[in-house]
Amino acid sequence: MRRTSGLAIGSMVCGIVSLFFFALPSPIAIILGHVARSKIKKSEGKLVGKKMALAGLICGYASLLLVAAIITSMIVSHNAAEAKKAADITEEIRRGKEIYALVIKYETDHGKFPDRLSQLVTEGYVGSLDHLQPQVGGNWLYFQGLTSESYESKYFIRSNHYKTVIYVDGSDGDRDLSFTLEPTDFPVDGHPMIKE
């Protein structure tokens, strides 16, 4: 008398369930499916359920492929976001350094940094600051009262979004320094902060 393989039924059930529960039962479906098909083949017609075992195998493998595709997509998306963020920070630092170069020109002519960054526009050092603002929203936070000879690496502008900082360090004369840092609401000691 022919009977249906319990392993084949188990494989099919686990395979179907795996499609709804993100592949958790799929390894069981795959193992049961292969074992069931092997036993059905050796049973010389006493066991049936070859199609059920095949359905379990298809669902089990499909579930694993689906999960693999989702994970791959997440990794690719994360890497693309990180690459864009790095590129944006690099561009933001470039803009900050360009503003610093303008400020140094202003200092050469006036003996001090401008009281506000907007003076770079009003006094003809640049047509507009719009193309030099931080990459994502907001304007630079500008710290007044500093000069190229300020010590202790005091930063004179920083951005809101990426925390990009361009700073001065009169101790070694390096005027091309920049970095990123975690957000802080505290201005440079003794120097008022304004949003430009």
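Residue numbers (UniProt numbering): 1 to 196.
A virtual CB, placed ideally from N, CA and C, is assigned to each residue, including glycine.
For clarity, every value in this text was computed on a predicted model and none was experimentally measured.
Looking at the strands, I want to know which residues DSSP matches up with residue i.
i	result
V35	Paired residue(s): none; V35 is not in a bridge.
V165	R158, F179
R2	Answer is none; R2 lacks a bridge partner.
I194	Y142
For residue i, I'd like the list of residues in its chain whose CB is within less than 8 angstroms of its CB, leaving aside the five on either flank, ordered along the chain.
i	result
E82	none
E91	Q135
Who are the near neighbours of residue i in its chain, counting only those whose CB is closer than 7 angstroms to its CB and skipping five residues on each side?
i	result
E107	F113, T147, S148
S128	V121
F179	V165
S18	L24, P25, S26, A29, C59, G60, S63
For residue i, which residues in the same chain have their Cβ closer than 6 angstroms to its Cβ, ignoring the five residues on either side in sequence?
i	result
A23	S63, L64, V67
V48	R2, T4
Y100	I166
I16	C59
A8	A36, G49, M52, A53
Report the CB separation of residue i from residue j in whole angstroms; it is logged as a contact under 8 angstroms.
i	j	result
G96	I166	4 angstroms
Q135	D88	5 angstroms
I30	G60	4 angstroms
V126	L102	6 angstroms
G33	G56	4 angstroms
According to DSSP, simplified to helix, strand and coil, what is residue i?
i	result
T147	coil
Report task. Jot down the residue ranges of each uninterrupted alpha helix (DSSP H) in the UniProt domain "DUF4190" (7–68), minimum 4 residues, whole runs only, in chain order. Result -> 26–42
Report task. Let me know the alpha helix (DSSP H) ranges lying completely inside the stretch 94–135, each 4 residues or longer, listed in chain order. Result -> 119–122
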